[in-house]
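Peer 1: Dumping the structure here so I can ask a few things about it.
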Ligand SMILES: Nc1ncnc2c1ncn2[C@@H]1O[C@H](COP(=O)(O)OP(=O)(O)OP(=O)(O)O)[C@@H](O)[C@H]1O
Ligand SMILES: [Mg+2]
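In my numbering, the protein residues as written are 135 to 513.
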């Protein structure tokens with residue numbers, strides 16, 4: 135550290151010139167030594183390893199180099215800074231880059247593979263600053279922060295995130311397949327039996343003499359019941375796997391769902407569709423449709439709204455779905471609650487398709503759910 139003090143001291147002394155009288159010089163010298171002492175304390179107080187370089191040779195180093203690199207600060211003085219790096223060629227390259235950048239700007243940050251004295255490889259975040267206004271004589275200060283563990287933890291977190299995401303995608307598609315299978319079975323088995331029953335009841339009604347009016351009435355009621363059951367079965371099948379979605383596409387399925395919702399909930403549902411659904415991938419159409427179903431269910435269950443506006447549009451290369459109600463308005467806490475599984479499900483679907491989602495609520499003025507998904511860059 136004394137080296138830093140004397141460097142600064144000599145520089146300043148030259149600059150001061152001979153015009154100051156002896157006393158002034160003495161005061162200035164004391165002040166400079168004080169500053170240098172302060173500077174060396176600051177350097178030793180910071181947790182990052184800091185070295186000063188002159189033409190790539192180390193001219194000072196703080197105590198933290200011991201923790202980060204395993205070297206004593208004194209051992210490093212006069213040595214080439216490449217001693218701290220993993221790969222000599224790479225370090226030459228980065229040095230050129232560092233110096234050329236520091237000609238233009240005062241500081242520069244980068245990550246670089248380094249090596250400790252004991253040979254252990256570490257990854258450091260380096261922050262370099264030139265000494266003085268210009269890059270005179272390639273004098274710079276570099277602070278090294280060991281980020282090996284942090285990076286490892288980040289990567290592990292990212293991996294675990296990816297695994298969860300894959301699991302969620304897998305579960306969703308397994309659920310869709312399961313729904314489709316159940317829908318198919320109900321349709322094939324129950325549908326056929328009910329049709330047979332419909333025909334039998336009609337036949338029975340035809341066989342009965344009109345004078346047995348109470349039996350005729352009974353068979354009519356039975357026929358009516360079977361008709362209602364057929365309708366219910368159709369509805370259940372359609373909810374499990376909207377056949378419209380497969381047969382007629384997303385737009386028709388959204389229109390159908392909106393009508394169904396209006397009939398059943400009594401909430402006025404207005405839709406505006408401005409997109410061509412011909413080329414939308416089947417899985418993406420399913421995702422949008424499921425998101426739409428969840429938002430409508432939420433409107434019916436939680437909002438107390440009297441009207442809902444739906445917009446399905448194409449904006450540039452994105453498909454946008456926006457559902458707005460005029461109910462009580464979702465709070466930020468509800469929207470971000472880790473137990474809001476309906477909303478988490480929407481978010482997961484959107485993430486899988488590299489899309490974006492926003493939920494906003496205004497107290498007493500309604501809720502808007504907006505999702506935007508790129509049409510081309512699929513999951
Ligand atoms: N349109 C809305 N208006 C007002 N509040 C809403 C609306 N949508 C959701 N919320 C609030 O946000 C919460 C979370 O919604 P979310 O869909 O995640 O869960 P849920 O509907 O309660 O249960 P489920 O898991 O069955 O969907 C709801 O409990 C409700 O309080
Ligand atoms: Mg819900």
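Cβ atoms here follow ideal geometry from the backbone N, Cα and C, with glycine treated the same way.
Since the model is a prediction, treat every value here as computed from it, not as a measurement.
1) How many Å lie between residue 427 and residue 504 at the Cα?
2) Contact defined as beta carbons within less than 8 Å: I believe residue 280 pairs with residue 202. What is the distance between those atoms, to the nearest angstrom?
3) Excluding the 5 residues flanking residue 512 on each side, which residues of the same chain have their C-beta closer than 7 Å to its C-beta?
4) Touching or not, the segment 445–465 and the segment 489–506, by the rule of three or more beta carbon pairs under 8 Å?
5) Do you know whose CA, among 374, 398 and 406, lies nearest residue 385's CA?
6) With a 10 Å radius around its C-beta and 16 neighbouring C-beta atoms as the bar for buried, classify residue 166 as buried or exposed.
7) Give the range of the alpha helix (DSSP H) segment to which residue 252 is assigned.
8) Have a look at the DSSP bridge pairing and note the partners of residue 406.
9) Measuring alpha carbon to alpha carbon, tell me which of 318, 251 and 264 ends up nearest residue 234.
10) With the cut-off set at 9 Å, would you say residue 194 and residue 207 are in Cβ contact?
11) Is residue 243 near residue 229, with beta carbons less than 9 Å apart?
12) Hey, would you say the C-beta of residue 388 is under 8 Å away from at least one heavy atom of ligand 2?
13) Is residue 428 near ligand 4, with its Cβ less than 8 Å from a heavy atom?
14) Between the segment 391–407 and the segment 438–447, do at least 3 Cβ pairs fall closer than 8 Å?
15) Quick one: Cα of residue 196 to Cα of residue 158, how far?
16) Got a sec, what are the start and stop residues for the alpha helix (DSSP H) residue 353 sits in?
17) Using 10 angstroms around the beta-carbon of residue 397, count the other beta-carbons present and answer buried if the total reaches 16, otherwise exposed.
18) Bridge partners for residue 247 per DSSP, in chain order?
19) Between residue 478 and ligand 1, is the CB less than 8 Å from at least one heavy atom?
20) Are residue 391 and residue 430 closer than 9 Å when you measure CB to CB?
21) Decide if residue 376 is buried, meaning its Cβ has at least 16 other Cβ atoms within 10 Å, or exposed.
Peer 2: Taking the coordinates as given:
1) Between residue 427 and residue 504, the C-alpha separation is close to 13 Å.
2) Right, their Cβ atoms sit about 5 Å apart.
3) Because the pLDDT at residue 512 is just 47, under 50, the model does not fix this residue reliably, and the value given afterwards should be weighed accordingly. These residues qualify, in order along the chain: 415, 418 and 487.
4) In short, these stretches touch, since the Cβ pair count reaches three.
5) Answer by Cα proximity: 406.
6) Buried.
7) That residue, residue 252, is in no alpha helix (DSSP H); it is neither H nor E in DSSP.
8) Partner(s): 445.
9) Ranking the options by Cα distance to residue 234, first place goes to 264.
10) Going by C-beta atoms, residue 194 is nearer than 9 Å to residue 207.
11) No, the pair does not count as a contact, with Cβ atoms beyond the cut-off.
12) Result no, Cβ not under 8 Å from ligand 2.
13) As presented, the structure is devoid of ligand 4, carrying ligand 1 and ligand 2 as its sole ligands.
14) Yes: the two stretches touch, three or more of their Cβ pairs being nearer than 8 Å.
15) Their backbone Cα atoms lie some 31 Å apart in a straight line.
16) Element bounds for residue 353: 347–374.
17) That one is exposed.
18) By DSSP's assignment, residue 247 forms a beta bridge with 257.
19) Ligand 1 approaches residue 478 closely enough that one of its heavy atoms is under 8 Å from the residue's Cβ.
20) Taking 9 Å as the Cβ cut-off, residue 391 and residue 430 qualify as a contacting pair.
21) So residue 376 ends up on the buried side.
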